[in-house]
Amino acid sequence: MVRYSDTSFVGSLELEPHVEFLSPSGYRANETEFTRVWNGLTQRMIQEASSSTDATWSSAKYYAADAAALPDSQALYAGMQCTPDLSPSQCNLCLTKCLGNYQRCCLSRQGGSVVRLSCAFRAELYPFSGLFTVMTARPLSQSQPPLTMTESKKKSTGTIVAIVVPIVVVITFLVLLARRFSWRRKPYQETCLDQSGITTVHSLQFDFRTIEAATDRFSQTNKIGQGGFGEVYKGTLVGGTEVAVKRLSKTSEQGTQEFKNEVVLVAKLQHRSLVKLLVWKETKRSLFMNLSPTKA
1 MVRYSDTSFV GSLELEPHVE FLSPSGYRAN ETEFTRVWNG LTQRMIQEAS
51 SSTDATWSSA KYYAADAAAL PDSQALYAGM QCTPDLSPSQ CNLCLTKCLG
101 NYQRCCLSRQ GGSVVRLSCA FRAELYPFSG LFTVMTARPL SQSQPPLTMT
151 ESKKKSTGTI VAIVVPIVVV ITFLVLLARR FSWRRKPYQE TCLDQSGITT
201 VHSLQFDFRT IEAATDRFSQ TNKIGQGGFG EVYKGTLVGG TEVAVKRLSK
251 TSEQGTQEFK NEVVLVAKLQ HRSLVKLLVW KETKRSLFMN LSPTKA
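The sequence shown: position 78 = 78 (UniProt numbering), numbered continuously.
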């Protein structure tokens, strides 16, 4: 069983979250006999898996796969495993939790699996993932646990891969899901569309009187340029911020649509060599911008 994370988890038992997968087909059997087979098989497997500590950090540690014959000529196949960093008691607890989940979700189905970050369990009515190669079916006794299955290649690479692949897929899904909820949303600049169809910055609010005060009522001494569409004035806000104001003349050849296009373009552009649009006034046809240090 493989587990990975961007934080240290060695020796840490994590019982949640968990994922349950169940067969779509139901299964009817003698409940008393099935329960006896189920309890005998799973309890023996938990004991075997949680006590296999001789193979430290190897693929065979905390792993078990076995099967038992059922009264209706079928067989119950099961496999379980814990991550090798757990203690035997932690592995036992994790697998016990998986069995509890399986009994609630899947015991009436033909099979299913329960996967946690620290362990996994699967049971079916057929051999799965190449885990089972030899089966000796024999009648079950009331006093003897249903030991009817042996494994030929318990430590084989193919066996481990068969368990690892679905577990890795599920763990990857859980990690991505957890990251999605933990990511912080980056701040964004709220924009809106006014009645004239101009996209403006929502938080900018300057009235025309403020513009007039900043430019000394568009004094000629503050005039810093002139183009085909109007004159440009410098100004100073109450806080000391220098601004540039482009005021279109009445005789300007620039139409209303061209004026709106310029507003949208200046508002959207962000570059250290470009000025920032603070506000615009359609009724006065003015652009209010930060003044570039180069006065350009």
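Just so you know, even glycine gets a beta-carbon here, dropped at the ideal spot from N, CA and C.
Annotation: the continuous beta strand (DSSP E) that includes Y233 extends over G230 to T236.
In the DSSP annotation of this structure, the continuous segment of the alpha helix (DSSP H) that includes C94 starts and ends at P88 to C105. Scanning V170, F34 and E20 for the CA closest to the CA of A69 turns up F34.
Per DSSP, the continuous alpha helix (DSSP H) segment holding R209 begins and ends at F208 to A214. D207 is classed as exposed because its beta carbon has fewer than 16 other beta carbons within 10 Å across all chains shown. At the C-beta level, S23 and G100 stay beyond 8 Å of one another. Here the alpha carbons of V165 and L41 stand approximately 24 Å from one another. Here the C-alpha atom of L176 lies approximately 15 Å from the C-alpha atom of R116.
For Q43, the enclosing alpha helix (DSSP H) starts and ends at E31 to S50. If you draw a 10 Å sphere on the C-beta of G230, you find 16 or more other C-beta atoms in it, and that means buried. With a threshold of 16 other beta carbon atoms within 10 Å, S129 meets it and is buried.
As the crow flies, the alpha-carbon of Q74 is around 10 Å from that of A29.
Between the C-alpha atoms of L248 and V232 there is a straight-line separation of about 9 Å. Residue pairing from DSSP leaves F173 without any beta-bridge partner. In this structure Y77 touches Y126 by the C-beta definition: roughly 7 Å separates them, less than 8 Å. Exclusion of the five residues before and after S113 leaves F21 and R122 as the residues of its chain whose Cβ lies within less than 6 Å of its Cβ.
Under the 10 Å beta carbon count, T215 is surrounded by 16 or more other beta carbons and is classified as buried.
Rounded to whole angstroms, the gap between the alpha carbons of C91 and C119 is 7 Å. The beta-carbon separation of L13 and C94, rounded to 6 Å, stays under the 8 Å limit for a contact.
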